[in-house]
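**Q** These protein sequence lines are chains A and B, in that order.
With the numbering used here, letter number 562 in the first sequence gets 562, and the count goes up by one each step, no holes.
With the numbering used here, letter number 77 in the second sequence gets 77, and the count goes up by one each step, no holes.
Note that the Cβ used here is the ideal one computed from N, Cα and C, for glycine as well.
Remember, it's a predicted structure, so these values are computed and weren't measured experimentally.
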Amino acid sequence: MSQPFRLNKEGLINRNKKISFTFNGKKLFGYEGDTIASALIANGIHLVGRSFKYHRPRGFFGAGVEEPNAKLQVEFNGHSEPNVNATEMELVEGLSASSQNCWPSVNFDIGAINNFLKMFFPAGFYYKTFMWPKSFWYKIYEPFIRKAAGLGIASLEKDKERYEHKFEYCDLLVTGSGPSGLASAYAAAKNGAKVILAEDKPRFGGTLLTDDVSIDNLSGKDWAEKIVSELKSMPNVTVKNRSQVFGYYDHNMLVMFERVSDHLEKKSKFTPRQRLWYIRAKETILSTGSIERPIVFGNNDTPGIFLSAAAKEYMKVYGVLVGKKPLIFTNNDSAYETALDFKKNNVEPIILDTREEHSSELIDEAKSKGIDIRFSHGVIVANGYKKVKSAKIGKLTKDKNSFEKIETIECDCICVSGFWTPSVHLASQSGNKLKYEEKIDAFIPDKKKQQETSVGASNGSFTLEESLKHGFENGSNLSAKITETKTEISIPNVNEKKYGAHDKFWCMPLPKNENPKRFVDFQNDVSVSDIEIALREGYRSIEHVKRYTTLGMATDQGRTSNLNGLQLVSNIENKIVPEVGHTTFRPPFTPITIGTIVGREVGMEYMPTRKTPIHKWHKKNNAVFVDAGAWKRPRYYKQGNETLFEASKREAKNVRENVGICDVTTLGKIDIKGPDAAEFLNRVYTNAWMKLPVGKARYGLMLREDGIVLDDGTTTRISENHYHMTTTTAQAANVLSHLEYYLQIVWPELNVNVVSTTEQWAGAAIAGPKSRDMLSKLYPDLDVSNDALPFMGYKEADFFGVQSRIFRISFSGELAFEINVKSDHGMFMWEKMMEIGKEFGNQPYGTEALSTLRIEMGHVAGPELDGRTIPLDVSLNGLVSKKKDFIGKNSLGREAFNIESRQKIVGLIPIDRKSSIPEGSHIVQDQNAKLPIPKLGHVSSSCWSVENNNPFSLAIMKDGKNMIGKKFFAVSPLKNKSIEVEVISSHYVDPEGKRVRS
Amino acid sequence: MLYIKCPYCGLRAQKEFSYGGDATVKRPNINEEVTSEDWDNFVYMRKSPRGKHVELWQHIAGCRQWIKVQRDTATHEIFQTAKVTEEIR
Numbered sequence: 001m002s003q004p005f006r007l008n009k010e011g012l013i014n015r016n017k018k019i020s021f022t023f024n025g026k027k028l029f030g031y032e033g034d035t036i037a038s039a040l041i042a043n044g045i046h047l048v049g050r051s052f053k054y055h056r057p058r059g060f061f062g063a064g065v066e067e068p069n070a071k072l073q074v075e076f077n078g079h080s081e082p083n084v085n086a087t088e089m090e091l092v093e094g095l096s097a098s099s100q101n102c103w104p105s106v107n108f109d110i111g112a113i114n115n116f117l118k119m120f121f122p123a124g125f126y127y128k129t130f131m132w133p134k135s136f137w138y139k140i141y142e143p144f145i146r147k148a149a150g151l152g153i154a155s156l157e158k159d160k161e162r163y164e165h166k167f168e169y170c171d172l173l174v175t176g177s178g179p180s181g182l183a184s185a186y187a188a189a190k191n192g193a194k195v196i197l198a199e200d201k202p203r204f205g206g207t208l209l210t211d212d213v214s215i216d217n218l219s220g221k222d223w224a225e226k227i228v229s230e231l232k233s234m235p236n237v238t239v240k241n242r243s244q245v246f247g248y249y250d251h252n253m254l255v256m257f258e259r260v261s262d263h264l265e266k267k268s269k270f271t272p273r274q275r276l277w278y279i280r281a282k283e284t285i286l287s288t289g290s291i292e293r294p295i296v297f298g299n300n301d302t303p304g305i306f307l308s309a310a311a312k313e314y315m316k317v318y319g320v321l322v323g324k325k326p327l328i329f330t331n332n333d334s335a336y337e338t339a340l341d342f343k344k345n346n347v348e349p350i351i352l353d354t355r356e357e358h359s360s361e362l363i364d365e366a367k368s369k370g371i372d373i374r375f376s377h378g379v380i381v382a383n384g385y386k387k388v389k390s391a392k393i394g395k396l397t398k399d400k401n402s403f404e405k406i407e408t409i410e411c412d413c414i415c416v417s418g419f420w421t422p423s424v425h426l427a428s429q430s431g432n433k434l435k436y437e438e439k440i441d442a443f444i445p446d447k448k449k450q451q452e453t454s455v456g457a458s459n460g461s462f463t464l465e466e467s468l469k470h471g472f473e474n475g476s477n478l479s480a481k482i483t484e485t486k487t488e489i490s491i492p493n494v495n496e497k498k499y500g501a502h503d504k505f506w507c508m509p510l511p512k513n514e515n516p517k518r519f520v521d522f523q524n525d526v527s528v529s530d531i532e533i534a535l536r537e538g539y540r541s542i543e544h545v546k547r548y549t550t551l552g553m554a555t556d557q558g559r560t561s562n563l564n565g566l567q568l569v570s571n572i573e574n575k576i577v578p579e580v581g582h583t584t585f586r587p588p589f590t591p592i593t594i595g596t597i598v599g600r601e602v603g604m605e606y607m608p609t610r611k612t613p614i615h616k617w618h619k620k621n622n623a624v625f626v627d628a629g630a631w632k633r634p635r636y637y638k639q640g641n642e643t644l645f646e647a648s649k650r651e652a653k654n655v656r657e658n659v660g661i662c663d664v665t666t667l668g669k670i671d672i673k674g675p676d677a678a679e680f681l682n683r684v685y686t687n688a689w690m691k692l693p694v695g696k697a698r699y700g701l702m703l704r705e706d707g708i709v710l711d712d713g714t715t716t717r718i719s720e721n722h723y724h725m726t727t728t729t730a731q732a733a734n735v736l737s738h739l740e741y742y743l744q745i746v747w748p749e750l751n752v753n754v755v756s757t758t759e760q761w762a763g764a765a766i767a768g769p770k771s772r773d774m775l776s777k778l779y780p781d782l783d784v785s786n787d788a789l790p791f792m793g794y795k796e797a798d799f800f801g802v803q804s805r806i807f808r809i810s811f812s813g814e815l816a817f818e819i820n821v822k823s824d825h826g827m828f829m830w831e832k833m834m835e836i837g838k839e840f841g842n843q844p845y846g847t848e849a850l851s852t853l854r855i856e857m858g859h860v861a862g863p864e865l866d867g868r869t870i871p872l873d874v875s876l877n878g879l880v881s882k883k884k885d886f887i888g889k890n891s892l893g894r895e896a897f898n899i900e901s902r903q904k905i906v907g908l909i910p911i912d913r914k915s916s917i918p919e920g921s922h923i924v925q926d927q928n929a930k931l932p933i934p935k936l937g938h939v940s941s942s943c944w945s946v947e948n949n950n951p952f953s954l955a956i957m958k959d960g961k962n963m964i965g966k967k968f969f970a971v972s973p974l975k976n977k978s979i980e981v982e983v984i985s986s987h988y989v990d991p992e993g994k995r996v997r998s
Numbered sequence: 001m002l003y004i005k006c007p008y009c010g011l012r013a014q015k016e017f018s019y020g021g022d023a024t025v026k027r028p029n030i031n032e033e034v035t036s037e038d039w040d041n042f043v044y045m046r047k048s049p050r051g052k053h054v055e056l057w058q059h060i061a062g063c064r065q066w067i068k069v070q071r072d073t074a075t076h077e078i079f080q081t082a083k084v085t086e087e088i089r
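1. Tell me the rounded alpha-carbon separation between F23(A) and E356(A).
2. Below 6 Å CB to CB, which residues in the same chain sit around F519(A) once its five sequence neighbours on both sides are set aside?
3. Which one of P932(A), A37(A), E839(A) and G62(A) has the shortest CA to CA distance from A309(A)?
4. Could you spell out where the alpha helix (DSSP H) holding W66(B) opens and where it closes?
5. Consult DSSP for F589(A) and reduce its assignment to one of helix, strand or coil.
6. S180(A) and H502(A): beta carbons closer than 8 Å?
7. Taking one C-beta from the region 16 to 27 of chain B and one from the region 56 to 75 of chain B each time, how about it: are there three or more such pairs within less than 8 Å?
8. Take L7(A) as the anchor and find which of D109(A), V317(A) and I909(A) has the nearest alpha-carbon.
9. Please tell me whether K666(A) and S458(A) are closer than 8 Å, where the distance is taken between their beta carbons.
10. Can you tell me whether A861(A) is helix, strand or coil according to DSSP?
11. Terminal residues of the continuous beta strand (DSSP E) containing R698(A)?
12. Report the residue ranges of all beta strand (DSSP E) runs contained in full by the region 588 to 646 of chain A; include only those spanning at least 3 residues, in chain order.
13. Hey, does I30(B) have any beta-carbon neighbour from chain A nearer than 8 Å?
14. Contact check, T555(A) vs N83(A) under 8 Å by CB: the rounded distance?
15. Taking 8 Å as the threshold (beta carbon to beta carbon), is Y3(B) in contact with chain A?
16. Compare the beta carbon distance of S423(A) and I291(A) with 8 Å and say whether it is the shorter of the two.
17. Taking Cβ positions only, does G250(A) come closer than 8 Å to chain B?
18. Measure the Cβ-Cβ separation of D333(A) and Y499(A) and say whether it is below 8 Å.
19. Counting only Cβ pairs nearer than 7 Å, list the residues of chain A close to V114(B).
20. Since L426(A) and T593(A) should fall inside the 8 Å C-beta cutoff, what is the C-beta to C-beta distance between them, to a whole number of angstroms?
21. Where C9(B) and H738(A) are concerned, what is the direct C-alpha to C-alpha distance, given to the nearest angstrom?
22. By the criterion of Cβ-Cβ separation under 8 Å, what are the contact partners of W66(B) in chain A?
23. What's the gap between the Cα of L2(B) and the Cα of I36(A)?
24. Expressed to the nearest angstrom, what Euclidean distance is found between the alpha-carbon atoms of E161(A) and K269(A)?
25. Closer than 7 Å by C-beta to V664(A): which residues in its own chain qualify, once you throw out the five before and the five after it? Chain order, please.
26. Relative to the C-alpha of C662(A), which residue among A816(A), V598(A), P748(A) and V784(A) is closest?
27. Decide yes or no for the touch test of the region 225 to 236 of chain A against the region 981 to 992 of chain A: beta carbon pairs closer than 8 Å, at least 3 of them.
28. Compare the Cα-Cα distances from E796(A) to each of R805(A), Q429(A), P790(A) and E67(A) and report the closest residue.
29. Give a yes or no on whether the C-beta atoms belonging to S964(A) and Q903(A) are separated by under 8 Å.
30. Counting only runs of 4+ residues fully inside the region 832 to 859 of chain A, write out the alpha helix (DSSP H) ranges in chain order.
31. Secondary structure at M829(A), three-state DSSP: helix, strand or coil?
What follows is the structure in structure tokens.
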């Protein structure tokens, strides 16, 4: 098997290591160091895809990030990835690549009929065609567009790869290892700065790898190697290849995407596939280089047409010829280097130069080598459907609007150069307003916005001498400011070819009666005529032209098309390019995987998991868990084949009849200390706190300043200046911040400290008529009688050798106690309770039973305190002091809060005493009323009342208290249910609260 | 991501902070009569300036102190940070 387009010597690939892969099912091979693109071209394969809109045959155009066409579906390492850039993806053994956007095959694609219907697919086609009738959208248009649009196929499999995030800080981040980047990094490193040098490609050196230059008598490539190895040996420097800085964010934070292992044949289990670096740099050097732009001509998208620099890169880096009969079409000197390289490899190029005959160092060299140069010439149209076969070329008249002579010449590739566009993406992302540099017909960075400094070609300097000089100077000066050390470095001697002036020519005219497509944007199939239409239809702003035509909107972000598009618009509008302006550059510079963005925050690591110290016991005893914020709480303990409903009923019933224990560790706990603690609580809670005695707990309600209930809970006075506050599980963090806000900002004169102790205490509630009996066994030496430990009482006592706190508080409405021990003793406490509770019929109960118990008691919780209710709404107005001021008090006087018919909490039972009412149901008077049916309220919490053995719900209902005894419908369109209900009191069980006091 | 200088801990990533609104709003004193207009202004009315704005942030994943941050709401530039007891000029 030979590779017809592989050179024998040239290139940086390893010819000793063959790598086999497949393309569209065909077995091929390349060498270590190849990209998919270079390996395919070496095998003479150019047709790799079909274009987005017209399904035109497409080949390679570039050799790196600028590639608009060669996006492949690639399978390797057991996963399939769409839209992989063939010019960037390195070849690995066993890789299998295939063409996208074509059916049945890339060679014969039915969608190509669009190409012949192109008069029906002008700019704005989708906007114009799919507007009406409206009813067609979901069933016809949208599925059609979906099928036609998009290129590759995303895998439905779970991504098994590992991705990582990394945070890094440095003095100087250098983005790109071309001559200016290397010089900057080197100078800064010598000054002792902490430097990160990032190179997107596998090889360092940028244009030094392909340009015929020498630095200090070393070839560009050897000099780059020398500098990189020296940088790598320095402890203050991090050198990264395959790492692209793709985003410049606020406060000098840059994000880098490192391709860690896609190029490796074997990797260890924990090697990530890709890594995302968040880099906070004190200074940034943007040495991102420039990208060659094409000249626009007819059928300029035919496979076999390349950027001239890409053709050179394929020769010099990969040892691959893009063709053996090349036409070089240029408006500047840089393409002559490509021609000379062809010549060096015994290929005879023909140069078509749009400039009039003149001389420069390179032109003279090409002439002396006997290369056929035709001045004032250009390619009018490329011939050939799936590959360039010939080109119609023309001699331009002096005004370059028409032709003196037209002929057709044979060729197998066209290498085009329309001069260079600095890569200003990162500079623009940093906020830098770009300025138009007329000398190079392109935008370059203007005044600094953040700490970014552009050097080299990305700043519009296209000579090696200037790039190195700027690199060394800026690297040295920027770092010296940080390290306060300055090491003198002599700028090396440079040998490079001098370029003559380029021609400001960018689009070939068409001869009369000829109308081939001239593409500006290859990836989105935007042609000259599309942009003309957009302007004719009145689009003026470049941002609007972009959106209407989709120019520059593809994944290549218009790297090769933006400036030509701007030129076209400015020509038609008779404006100069800077007046037209440019579209916004946004990150990422190239597409990155979702996996990298997600990193390790996936599955169980999506968010932290909080487990109580008793978690293992729950798990061992068949707890089914529910998420409560980050906490895992037992929802119920499954016995045998029980359902959630059966288990929660059993657990709740056991609490009502015997005794149960519940893990309440997750409740928020805040320790409050200080001489002004009582005063502080008095301001925070709506009820009075000044007279709470030591050893007593009190239920309290806190509001936001707008009068809405923030949270409820009990606070216990442990000692004179020491309180223990509990919050709901959900609001724990908010309440702490709330208290800190008032102590630090509003009332700093109060001498109070607060700290979260949620994690420090493990808690268990013991609830049920037999809880006191059980408690007396847990504390055999303690008097736990109603007199010694009354409702809302508090005691500290020894729990089998462990310090503990006993609170007589109840959420279930039963006689209940809550025991707290230090977290480390949580499991001990729980197991002891399980052991001792046996004789009283104790069973653990989960959150579902807990809800049942509190709902049928009419105790409010999160669903009622939903950020819309004031104390009166939930019948807690008894807790609102009229005598003192507190947070939110002034808002309670608002008119809307004092309307008689305002919403109130009520209870609901179904008339049939059987149908459970879905939570979230709307309460309506007449379920058959005309839409929209007036809503009278909503169902906030539902349960199966174990006390009364029928469903019961809490609801927030307009004028609720006056509705008691009336009948309504609870309608849930989500569950498709409508249930007739009767309004009753929200206190369904023990309305006098006798049990908790018993 | 913003880089915020906590007056207690130094430069830290935005991830460690939580935003707390306009720092120039002053709560009416506790136990003092307040007109409903003043109260409404305190609870509801906020300016939304383009440009320099002094706001509160809390270093929740750090020292838990509330701090003042003077930030440009359009460019995110941070000019100054201070303890809540200090003035921002």
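**A** Checking against the coordinates, here is how it stands:
1. Reading the first sequence from its first residue, position 23 is the one you call residue 23(A). Reading the first sequence from its first residue, position 356 is the one you call residue 356(A). Taking the straight line joining both Cα atoms gives about 44 Å.
2. If you number the first sequence from 1, residue 519(A) lands on position 519. Excluding residues within five positions, the ones whose Cβ falls inside 6 Å are N300, D301 and S527.
3. Within the first sequence, residue 309(A) is the residue found at index 309, counting from 1. Per the Cα distances, G62(A).
4. Here the question's residue 66(B) lines up with position 66 in the second sequence. Careful: W66(B) lies outside any alpha helix (DSSP H), inside the beta strand (DSSP E) at W66 to D72.
5. Counting from 1 along the first sequence, the entry for residue 589(A) is found at position 589. It is coil, neither helix nor strand.
6. Working through the first sequence from its first residue, we reach residue 180(A) at position 180. Working through the first sequence from its first residue, we reach residue 502(A) at position 502. Not in contact: S180(A) and H502(A) (Cβ atoms no closer than 8 Å).
7. yes
8. As a position in the first sequence, residue 7(A) is number 7, starting the count at 1. L7(A) has its Cα closest to that of V317(A), out of D109(A), V317(A) and I909(A).
9. Taking the first residue of the first sequence as position 1, residue 666(A) is located at position 666. Taking the first residue of the first sequence as position 1, residue 458(A) is located at position 458. For the sequence presented, residue 666(A) should be read as Thr rather than Lys. Not in contact: T666(A) and S458(A) (Cβ atoms no closer than 8 Å).
10. For the purposes of this step, residue 861(A) is taken as the residue at position 861 of the first sequence. It is coil, neither helix nor strand.
11. For this step, residue 698(A) is matched to residue 698 along the first sequence. Going by DSSP, R698(A) is part of the beta strand (DSSP E) stretching over A697 to L703.
12. 623 to 628 and 631 to 637
13. Working through the second sequence from its first residue, we reach residue 30(B) at position 30. For I30(B), the nearest beta carbon of chain A is closer than 8 Å to its own beta carbon.
14. Along the first sequence, read from residue 1 onward, the residue named residue 555(A) stands at position 555. Along the first sequence, read from residue 1 onward, the residue named residue 83(A) stands at position 83. Correct: roughly 7 Å between the Cβ atoms.
15. Position 3 of the second sequence, counting from 1, holds the residue named residue 3(B). Y3(B) counts as touching chain A.
16. The sequence position of residue 423(A) within the first sequence is 423, counting from 1. The sequence position of residue 291(A) within the first sequence is 291, counting from 1. The answer is yes: Cβ separation under 8 Å.
17. As a first step, residue 250(A) is located in the first sequence; it is residue number 250 there, counting from the start. According to the sequence provided, residue 250(A) is Asp. The question's Gly does not apply to it. Output row for D250(A): interface = yes.
18. Mapped onto the first sequence, residue 333(A) falls at position 333. Mapped onto the first sequence, residue 499(A) falls at position 499. Yes.
19. Only positions 1 to 89 of chain B appear in this structure, which leaves residue 114(B) out of reach.
20. Stepping through the first sequence from its first residue, residue 426(A) is reached at position 426. Stepping through the first sequence from its first residue, residue 593(A) is reached at position 593. In this structure L426(A) does not touch T593(A) by the C-beta definition: roughly 20 Å separates them, more than the 8 Å allowed.
21. As a first step, residue 9(B) must be located in the second sequence, where it is residue number 9. As a first step, residue 738(A) must be located in the first sequence, where it is residue number 738. For C9(B) and H738(A), the distance between alpha carbons rounds to 21 Å.
22. Walking along the second sequence from the start, residue 66(B) turns up at place 66. Per Cβ cutoff of 8 Å: E740, Y741, Q744 and I745.
23. Stepping through the second sequence from its first residue, residue 2(B) is reached at position 2. Stepping through the first sequence from its first residue, residue 36(A) is reached at position 36. Using only the alpha carbons, I get a separation of about 39 Å.
24. Walking along the first sequence from the start, residue 161(A) turns up at place 161. Walking along the first sequence from the start, residue 269(A) turns up at place 269. Approximately 10 Å, taken between the alpha carbons.
25. Counting from 1 along the first sequence, the entry for residue 664(A) is found at position 664. Excluding five sequence positions before and after V664(A), the CB atoms of its chain that fall closer than 7 Å to its own CB belong to G763, A764, A765 and E818, given in chain order.
26. By one-based count along the first sequence, residue 662(A) stands at place 662. Residue A816(A) is the option with its Cα nearest to C662(A).
27. no
28. To locate residue 796(A), count along the first sequence from 1; it is residue 796. The shortest C-alpha separation from E796(A) is found at R805(A).
29. Taking the first sequence and counting its residues from 1, the one referred to as residue 964(A) is at position 964. Taking the first sequence and counting its residues from 1, the one referred to as residue 903(A) is at position 903. Just to set this straight, residue 964(A) is Ile in the shown sequence, not Ser. Result no, Cβ atoms of I964(A) and Q903(A) do not sit closer than 8 Å.
30. 847 to 857
31. Mapped onto the first sequence, residue 829(A) falls at position 829. Helix at M829(A).
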